[in-house]
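For the first sequence, my numbering assigns the number 61 to the initial residue and increments by one for each residue that follows.
All C-beta atoms, glycine included, are put in the ideal place defined by N, C-alpha and C.
Just so it is clear, the structure is predicted and the values come from calculations on it, not from any experiment.
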Amino acid sequence: MKIASFNINGIKARQQALCDWLDDAQPDVVLLQEIKSVDENFPRAPFEDRGYNVETHGQKSFNGVAILSKRPLEDIRRGLPGDEDDAQARWIEATVTGDGAAVRLCGLYLPNGNPAPGPKYDYKLAWMDRLRIRAAELLAAEEPALMAGDYNVIPQDADAANPAAWAEDALALPESRAAFRRVLHMGFTDAFRACHPGPGHYTFWDYQGGAWRRDDGIRIDHVLLTPQAADLMEGCGIDREIRGREKPSDHVPVWVDLDL
DNA sequence: ATGTCGTAACGTTTACGA
Numbered sequence: 061m062k063i064a065s066f067n068i069n070g071i072k073a074r075q076q077a078l079c080d081w082l083d084d085a086q087p088d089v090v091l092l093q094e095i096k097s098v099d100e101n102f103p104r105a106p107f108e109d110r111g112y113n114v115e116t117h118g119q120k121s122f123n124g125v126a127i128l129s130k131r132p133l134e135d136i137r138r139g140l141p142g143d144e145d146d147a148q149a150r151w152i153e154a155t156v157t158g159d160g161a162a163v164r165l166c167g168l169y170l171p172n173g174n175p176a177p178g179p180k181y182d183y184k185l186a187w188m189d190r191l192r193i194r195a196a197e198l199l200a201a202e203e204p205a206l207m208a209g210d211y212n213v214i215p216q217d218a219d220a221a222n223p224a225a226w227a228e229d230a231l232a233l234p235e236s237r238a239a240f241r242r243v244l245h246m247g248f249t250d251a252f253r254a255c256h257p258g259p260g261h262y263t264f265w266d267y268q269g270g271a272w273r274r275d276d277g278i279r280i281d282h283v284l285l286t287p288q289a290a291d292l293m294e295g296c297g298i299d300r301e302i303r304g305r306e307k308p309s310d311h312v313p314v315w316v317d318l319d320l
């Protein structure tokens with residue numbers, strides 16, 4: 061089962077590009093971030109026509125996450141637990157069952173956090189602490205599960221073409237990296253790193269300054285696997301090529317193939 | 001030339017978030 065994560069930067073603007081990629085890549089599941097749409101306005105038809113079930117958790121203008129799945133989605137939950145006053149749509153969960161096993165899917169859009177320091181950075185770190193608590197619950201279940209999405213964290217200098225340019229940025233500050241490591245070290249596998257060690261692999265290139273042309277990218281979209289999911293991994297990749305297409309998102313998909 | 005893009009709004013332009 062091919063499961064992908066893709067920050068599409070606006071579903072209205074990306075509908076055609078997303079459909080073109082779906083037709084090429086044929087993922088079984090896609091976890092979407094930054095749909096920038098309320099649920100009522102999400103264009104479901106082009107995806108349902110392609111055989112996907114669609115579940116959204118949107119808000120007006122900003123953020124918003126969704127799941128597309130060729131197999132039925134069960135036990136859907138919206139919102140990251142731990143703060144009932146948090147109105148930002150950044151988390152959605154569902155279970156999908158393969159031929160053998162089931163996997164719990166968590167799609168996330170972690171706060172950017174800039175400018176740091178400041179209230180937005182405080183919100184990012186608080187959100188990461190809530191993520192850690194939900195992650196601990198997933199591990200305790202001892203079942204296949206994954207948390208995939210735009211983490212807005214550059215884990216190590218090797219995950220940036222120009223790490224010096226990001227040194228003071230909320231995506232790379234030591235506290236951001238420590239919070240990400242804290243989750244990883246509980247027992248998750250960074251799926252892409254497990255398959256592809258070494259530098260030069262990115263999932264985001266800024267629209268500005270010719271970042272794509274210069275390959276000035278960063279790796280901030282991640283798939284974290286519980287041990288039971290990691291044992292099922294048959295491959296992982298980044299669909300880098302689509303960043304060069306017409307009207308691209310500034311992110312590209314990262315995917316994992318699980319033997320479910 | 002704050003150099004790009006997407007979204008919303010008292011819209012033919014500005015503000016915000018990224």
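Could you please give me the residues that DSSP links to residue i through a beta bridge?
i	result
Ile127	Leu91 and Glu115
Asn67	Gln93
Gly209	Leu168 and His282
Val316	Ile63 and Cys296
Ile193	According to DSSP, Ile193 bridges with nothing at all.
Ile152	Arg138 and Gly167
Ala220	Ile278
Ala162	Thr157
Asp250	Leu284
His261	For His261, which the question treats as bridged, DSSP gives no partner whatsoever.
His311	Phe264
Just confirm the distance between the C-beta atoms of residue i and residue j, as a whole number of angstroms; I'd bet it's less than 8 Å.
i	j	result
Ala289	Pro204	4 Å
Asp210	Asn67	4 Å
Leu199	Leu284	Not quite, the Cβ-Cβ distance comes to about 11 Å (not below 8 Å), so this is no contact.
Leu92	Ala126	4 Å
Leu231	Val213	6 Å
Taking all protein chains shown into account, do 16 or more other C-beta atoms lie within 10 angstroms of the C-beta of residue i, making it buried, or fewer, making it exposed?
i	result
Lys96	buried
Pro132	exposed
Arg305	exposed
Ala147	exposed
Asp281	buried
Pro171	buried
Ile278	buried
Asp88	buried
Ile136	exposed
Ala271	buried
Ala196	exposed
Leu149	Position check: residue 149 holds Ala in this sequence, whereas Leu was assumed. Buried is the call here.
Quick check: the Cα distance between residue i and residue j, rounded to an integer number of angstroms?
i	j	result
Asp189	Ala239	7 Å
Asp109	Ala225	43 Å
Tyr262	Val314	10 Å
Leu233	Ala227	6 Å
Arg39	Glu294	The structure shown does not extend to residue 39, since the chain is modelled only from 61 through 320, so no value can be given for it.
Glu202	Gln268	43 Å
Val316	Ala251	7 Å
Ala85	Lys72	20 Å
Pro141	Gly247	20 Å
Arg242	Arg192	8 Å
Ala176	Asp143	22 Å
Val114	Asn174	31 Å
Thr347	Phe264	The structure shown does not extend to residue 347, since the chain spans only 61 to 320, so no value can be given for it.
Gly139	Ile152	6 Å
Ser65	Glu301	15 Å
Ile63	Val90	6 Å
Phe102	Ala208	21 Å
Leu320	Asp229	38 Å
Tyr69	Glu94	The amino acid occupying residue 69 in the given sequence is Asn; Tyr does not appear at that position. Rounded to the nearest angstrom, the two C-alpha atoms are 5 Å apart.
Cys296	Gly160	20 Å
Arg274	His311	15 Å
Pro308	Trp187	28 Å
Gly111	Ile298	23 Å
Ala254	Ser236	21 Å
Gly260	Phe107	32 Å
Ala105	His256	36 Å
Segment contact, 8 Å Cβ cut-off, at least three pairs: the segment 73-89 with the segment 114-124: Too few Cβ pairs lie closer than 8 Å, so no.
Meets three-Cβ-pair contact criterion under 8 Å: the segment 151-162 and the segment 172-182: no
At least 3 beta-carbon pairs within less than 8 Å: the segment 162-170 vs the segment 214-228: No: fewer than three Cβ pairs fall under 8 Å.
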